[in-house]
Amino acid sequence: MTQKLHLFRKKRSGIFGTVILVIFALICFFPFYWAINSSFKTESDMFLKVPQWIPLKPTLQNYELMFNKTSFPQWGLNSLLVSAAVTVFVCIFSSLTGYAMAKIRFRGASILFGVIVVTMMLPKYSMLIPLYTILKNLGWFNTYWGIAIPEIAGQLPFGIFLIRQFMLSVPRDLFEAAQIDGAGENRTFISVAVPMIKPAIASLAILTFVRIWNDYLWQVLVSTKKDMMTVPVGLATLQSETVIMYGQVLAGCIVSSVPLIIVFIVFQKYFTKGISAGAVKG
Amino acid sequence: MRKLIALLLAVVMVLSLAVTCAAEEHTSDVELTFWAVSKWNGIYGTEADGQTGDWERYMAEKFHEMYPNVTINVEVYDTKNGPAVMASAIAAETYPDIVHDANTRLMQYSNNGFLVPVTEYMTEEETATFAAGTFDSIRIADGNAYFVPYGTNVMAIMVNKTLFEQAGCADLLPQGEDRTWSFDEYYTAVSTACANLEGVYAAPLFADISSGGDMYTWCWIYAAGGKMFDETTNRMGVNCEETKTGLAFWKKIIDNGLAAPGGAALKAGDAAPLFYQQQVISCPCATVHYSRLVAGQANGTYADFDCEVYAVPHAEGVSTISCADPHGFAVWKGTDAEKVYWAEQFVKFLASDENAAFIKAAGEVSYKICAQNLYEGQDDNLVYMSTLMDKLVPSGSSIPGYTSCRFEVTPYYQQLYLGEIDIDTFCENVEEVCNDYLENYEP
Amino acid sequence: MNRKRLKQDMIGIAYSLPSLILIICFMVIPIIMTFDMSLHNRTLKKDVFIGFDNYTRLFTKDITYQKALTNTFLYVLVLVPSIVFISMYLSSVIVRKSQKAGAFYRGLFYIPTIASGVTVSIIWSWVFNPVTGIANYIISVFGGKGLEWFSGRSTAFMCVCIVSFFCSIGQPVVLYTAALNGIDRGYYEAAEIDGAGPFKQFIHITVPGLRPTTLYITIITAVNAFQIFIPIQLLTSGGPVNSTISMMFMLYKTAFTDFKFGYAAAMGVILLILISIFSVVQFILQRKE
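Right under this line is the structure:
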């Protein structure tokens, strides 16, 4: 009797849970679905009193206009270069520093770690003017350096935090075994540490890539020339004070999301595995 | 003999030196920075792949062909976050040489002493090529004008004639050539039309002016003879009977359910689209709103309804008004005399007679006398709007502190819209808060 | 012994050096410069040292700022617990699904993060549009009268919270689903035998097992909530009547519309201090484990 009650309870809470899950998931997904839906309509169809759940007169006009009217390919290339470069460097430097903070017992590690974490907490808008002044003195406007290097600096605290957490969970014995075998720190790092935290690095890669790709604020400050603009900056030029060309804006956002979705799907398995270990054991 | 040759050589040397000196005036290479907040896409506004900044770059190239020693680097800023970037640059002491921007920011720069007065590089003859009153309308307290107005929107009201005909009351629209109507005539027209149509409202009245568009909320005040900002006293002029009349009419439309719902949070940029989507039958607008509608109807973005432009309705006993938001070119003060010289030449080139017609690309009206009839024979709505240039009232943009103060009014407008405060309280509060702000404002 | 220590130190520093250089140049120095700027009255043309005047003015005279302060605390109080607990619950449901279904749901929740706050906010503004919005349409289908959404004082705050919630729920869900997979099945089985129902299992096994993750997510969510800006900028501009204003929004407006850079810098420093205090508290709570 008790067993049956248990199963019944489990099934009921199962159905209840699934219903809630589906509702929340649909609400999360809804804006994206509506954006895709609207991007294939003309603007007069987008705002009908009785909404069209699927475009009745689908049109590619918005996508055409967006690709023609804008330097989207150039923006895409810039975004790709910057995001990829930043991601690579963030992963490398975070791994090195995270490993050092977690495994190499050196004096001042905790203080440094504290400073690094605190830098995460000042909003970027506050730092705009000082950063601008620094960039001006370096003469880095409208260069790839100017966009990429401050972004690397901005993402490093998060990356270091993540890698350090994950490193702490890797058993010490592995490292000690390597050192008994006579390996120096460098050897230990390359042949023991990195393979153990591959998932964490992969997760950091996706997160960083997505974040840099969508980061509008810093990129708009640095790239004022047409050729240097990145995707979010370029898309913002489609909105003026008087009228927003919704169709093109949405088309642009959808196209901009596609590479990110691909990256996410491809790296999905590593992503979850990686974050989990770091966060759980942390 | 030797002495003669030496003398000859010396003379030749001196002469060639003199020639090169004379030729070297203004021939050294200069590089200028041009900040452009573009008003239209493409060079002529009609290209399918036109982008912001194309025209400015085209002009820079043409100028370079005329004067190969001058290179102009164009930096394009959008209206959304451009101001933040430009502000950061100025804060970090990075200044441009030439600017193409709207009057709000140009007035701020003028009041901060960043710009070169127009009289320093334009003769009386040159300024006479502009419509009368052009430079007077942009003078600041010290009596100088600091930028060259190139084009402007004028304010009017768009009406969906098709829907009016559907409702059977197209005869209630202004019939005269001057296209004017009073508050009562307007109210009768829109209320009758809305009563006969389903699910359509009279106008997209909005109260969220935090991102601009305040002109289209203040138009009812101006049309009653009132004002928000008073340029003669550099303070608020809001607390007067005429203003209250205008606001009362604004409230009348709202309280009788004729305004599109959600107006308290509606922004200017979302108001005109309601007209394009035929949710409202009239809409206070700028020239550019009308031009965008025409362009959108041409490429099928918006439905093809008949749109007519009239003057903003006026109160009894008050003549028709309109308002302008000029944009133009300015020369930044600099320490390098060569750069300033070439910047001045470039501004004069941009504002010259031969380049005046480009303003058509923005669907706006020109300040130059030679370009007053740009739309003759092409679009009588735009021809009509050009005639409204004689009826402009000042908006207060020359007052120091105007730019940020105008946004301070937003919460009070929202309260008035929602009915949380009455008109008298609104006027008193706005006057108090804004005067306080203007008094304590330091550039 | 000392030599080994020294060698360790040097290697540790060497490994950290690239990161440190970058962080010092582009994070620490700007923070110091910001703090310095906050002690000045700095506008487009001026730069005058005024000590802590900016700070005193913020707390005593600036009513709008105080409203922004309370609003921000409200945002944090509403968003952090709701995101943490609801994502925890949703994740516990997801892990009971098959591998493929689980991955599918995770993707759906993560989409708003990928699609960027700007697009998502635009769509939400359409959903809540009183005239053409789907929210009011659905209500009217059921015979009700549409709500004011963003134009109502009380409803606007709620709308911003809803939008922010659905934009932020993705990452916590992904984290929790992974963490849940790490809890030993054995505990659950033992509890089953002891007769504990699903709810009791949740409270006594799941929640404690997730503690470390919960703290991590709490901090990140709180940091984002303290800095809430994009939904407000795009949807309500702080209105109506300043009911949805936040500290970041005021900071942006003060710096880039009013050009009061020193004043805005002071706001930034206060935000930094508040978030740091909150985070330190969280870390201390974690230490207690």
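Residue numbers (our numbering), protein chains in the order written: chain A, 1 to 282; chain B, 1001 to 1443; chain C, 2001 to 2289. Ideal Cβ placement from N, Cα and C applies to all residues, glycine included.
Find out if the Cβ-Cβ distance for the pair residue i, residue j is shorter than 9 Å.
| i | j | result |
| --- | --- | --- |
| residue 1314 of chain B | residue 1193 of chain B | no |
| residue 1037 of chain B | residue 1102 of chain B | yes |
| residue 1141 of chain B | residue 1423 of chain B | no |
| residue 2037 of chain C | residue 130 of chain A | yes |
| residue 2041 of chain C | residue 2157 of chain C | no |
| residue 1350 of chain B | residue 1150 of chain B | yes |
| residue 148 of chain A | residue 170 of chain A | no |
| residue 1417 of chain B | residue 1263 of chain B | yes |
| residue 28 of chain A | residue 201 of chain A | no |
| residue 1459 of chain B | residue 1179 of chain B | No answer is possible for residue 1459 of chain B: it lies beyond the span of chain B, which begins at 1001 and ends at 1443. |
| residue 1302 of chain B | residue 1276 of chain B | yes |
| residue 2102 of chain C | residue 2221 of chain C | no |
| residue 216 of chain A | residue 1081 of chain B | yes |
| residue 1160 of chain B | residue 1324 of chain B | no |
| residue 2106 of chain C | residue 107 of chain A | no |
| residue 163 of chain A | residue 102 of chain A | yes |
| residue 2083 of chain C | residue 2165 of chain C | yes |
| residue 226 of chain A | residue 1092 of chain B | no |
| residue 1354 of chain B | residue 1184 of chain B | no |
Might you give, ordered along the chain, the residues of its own chain that have their beta carbon closer than 8 Å to the beta carbon of residue i, omitting 5 neighbours on each side?
| i | result |
| --- | --- |
| residue 1023 of chain B | At residue 1023 of chain B, the pLDDT of 48 sits below 50, so the modelled position is not reliable and the matter cannot be decided from this model. |
| residue 241 of chain A | Legend: pLDDT at residue 241 of chain A = 49, less than 50; position of this residue unreliable, value from coordinates given subsequently. Excluding residues within five positions, none has a Cβ falling inside 8 Å. |
| residue 2134 of chain C | 2126, 2127 |
| residue 2271 of chain C | 2226, 2227, 2247, 2248, 2251 |
| residue 1197 of chain B | 1163, 1166, 1167, 1281 |
| residue 2241 of chain C | 2153 |
| residue 1189 of chain B | 1164, 1169, 1172, 1173, 1181 |
Cutting at 6 Å between CB atoms, please list the residues of its own chain near residue i, excluding the five before and the five after it.
| i | result |
| --- | --- |
| residue 1297 of chain B | 1304 |
| residue 1227 of chain B | 1237 |
| residue 2171 of chain C | none |
| residue 1145 of chain B | 1118, 1135, 1138, 1139 |
| residue 1042 of chain B | 1050, 1054 |
| residue 282 of chain A | The predicted position of residue 282 of chain A is uncertain, since its pLDDT is 35 and thus under 50; a value taken from the coordinates is nonetheless stated next. Cβ neighbours of residue 282 of chain A beyond the five flanking positions: 165. |
| residue 2234 of chain C | 2121 |
| residue 235 of chain A | 252 |
| residue 1321 of chain B | 1222, 1223, 1391, 1393 |
| residue 1109 of chain B | 1115 |
| residue 2094 of chain C | 2102, 2105, 2177 |
| residue 229 of chain A | 75, 223 |
| residue 83 of chain A | 209, 212, 213 |
| residue 113 of chain A | 101 |
| residue 278 of chain A | With a pLDDT of 41 at residue 278 of chain A, under the threshold of 50, the predicted position of this residue should be treated as unreliable, and no value is reported. |
Assuming residue i contacts residue j under a Cβ cut-off of 8 Å, what Cβ separation, rounded to an integer in Å, is found between them?
| i | j | result |
| --- | --- | --- |
| residue 1396 of chain B | residue 1229 of chain B | 3 Å |
| residue 2246 of chain C | residue 2228 of chain C | 5 Å |
| residue 121 of chain A | residue 2016 of chain C | So it is not a contact: roughly 20 Å between Cβ atoms. |
| residue 958 of chain B | residue 1398 of chain B | The structure shown does not extend to residue 958 of chain B, since chain B spans only 1001 to 1443, so no value can be given for it. |
| residue 39 of chain A | residue 2115 of chain C | Not really, about 12 Å apart at Cβ, beyond 8 Å. |
| residue 2039 of chain C | residue 2051 of chain C | 6 Å |
| residue 295 of chain A | residue 160 of chain A | Since the first residue of chain A shown is 1 and the last is 282, residue 295 of chain A is not available in this structure. |
| residue 1201 of chain B | residue 1280 of chain B | 5 Å |
| residue 2206 of chain C | residue 2092 of chain C | 6 Å |
Comparing the C-beta of residue i with each C-beta of chain E, is any distance below 9 Å?
| i | result |
| --- | --- |
| residue 266 of chain A | In the structure shown, chain E cannot be found, because the protein chains are A, B and C. |
If you drop the 5 nearest sequence neighbours on each side, which residues of the same chain put their C-beta closer than 7 Å to that of residue i?
| i | result |
| --- | --- |
| residue 1096 of chain B | 1033, 1034, 1035, 1332 |
Are three or more beta carbon pairs between the stretch 1327 to 1338 of chain B and the stretch 1096 to 1116 of chain B nearer than 8 Å? The stretch 1327 to 1338 of chain B, when compared against the stretch 1096 to 1116 of chain B, does touch it at the 8 Å Cβ threshold.
With three or more beta-carbon pairs closer than 8 Å as the criterion, would you say the stretch 1394 to 1413 of chain B touches the stretch 2131 to 2147 of chain C? No, they do not touch.
Would you check if there are 3 or more beta carbon pairs closer than 8 Å linking the stretch 1064 to 1072 of chain B to the stretch 1355 to 1370 of chain B? Contact between the stretch 1064 to 1072 of chain B and the stretch 1355 to 1370 of chain B is absent, because fewer than three Cβ pairs lie under 8 Å.
Got a sec: which bits of the stretch 1200 to 1215 of chain B sit with their beta carbon under 7 Å from any beta carbon on chain C, in order along the chain? Residues of the stretch 1200 to 1215 of chain B with a C-beta less than 7 Å from any C-beta of chain C: 1208, 1210, 1211, listed in chain order.
Short of 9 Å Cβ to Cβ, which residues in the stretch 1264 to 1288 of chain B face chain A? Shown in chain order are the members of the stretch 1264 to 1288 of chain B whose Cβ falls below 9 Å from a Cβ of chain A: 1268, 1269, 1270, 1272, 1273, 1274, 1276, 1277, 1278, 1279, 1286, 1288.
Name, going along the chain, the residues of the stretch 2240 to 2264 of chain C whose beta-carbon falls closer than 8 Å to a beta-carbon of chain A. Hits within the stretch, in order: 2248, 2251, 2252, 2255, 2261, 2264.
Counting Cβ pairs closer than 8 Å, one from the stretch 82 to 99 of chain A and one from the stretch 1432 to 1440 of chain B, do we hit at least three? No: fewer than three Cβ pairs fall under 8 Å.
Short-range partners of chain C found in the stretch 1108 to 1120 of chain B, where Cβ spacing is below 9 Å: Residues passing the 9 Å Cβ filter: 1108, 1109, 1112, 1113, 1114.
Three or more C-beta pairs closer than 8 Å, one from the stretch 180 to 190 of chain A and one from the stretch 41 to 50 of chain A: is that the case here? Judged by Cβ distances under 8 Å, the stretch 180 to 190 of chain A makes no contact with the stretch 41 to 50 of chain A, as fewer than three pairs qualify.
Residues of the stretch 1291 to 1310 of chain B with a CB closer than 8 Å to any CB of chain A: list them in chain order, please. Shown in chain order are the members of the stretch 1291 to 1310 of chain B whose Cβ falls below 8 Å from a Cβ of chain A: 1292, 1296, 1299, 1300, 1301, 1302, 1303.
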